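So the mapping is simple: our numbering equals the position in the sequence shown, first residue as 1, plus 1145. Every residue gets a Cβ at the ideal spot worked out from N, C-alpha and C, and that includes glycine. The model shown is predicted, which means the values in this text are computed figures rather than measured ones.
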Amino acid sequence: AETDSRRLTAMLFLSVKDSDANELGGGVTVENEVKYGGVCDRMILLRSDLCSHRQEPWKGNAEDDKAICVTVHFVKETV
């Protein structure tokens, strides 16, 4: 959107080490349906103004029931 001032999005995934992102979900899907799993300690940087993306839901299971994604949006300065 024209009023969206985001320019860069940083996503840091803090899921359980050795968890299977394909089975447990999480991660992000970018343009053209390219998927990046929410692997522990993975950081994804996106040009928010040029690349559409969506965060995928975390499914988890009995052993791996928690995951965290820290997302920070860097925005264009407005005056």
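Non-local beta-carbon contacts of S1150 in its own chain, meaning distances under 7 Å to residues more than five positions away in sequence, involve V1220, K1221, T1223 in chain order.
In terms of CA proximity to E1201, I1213 leads the group D1194, R1192, I1213. Restricted to the segment 1177-1206, the beta strand (DSSP E) segments that are unbroken, complete and at least 3 residues in length are 1179-1181, 1188-1192, 1198-1200, listed in chain order. Residue G1172 holds the alpha-carbon nearest to the alpha-carbon of R1187 among G1172, K1204, V1217. Residues of the same chain with a CB within less than 6 Å of the CB of T1154, apart from the 5 flanking positions on each side, are L1191, S1193, H1218 in chain order.
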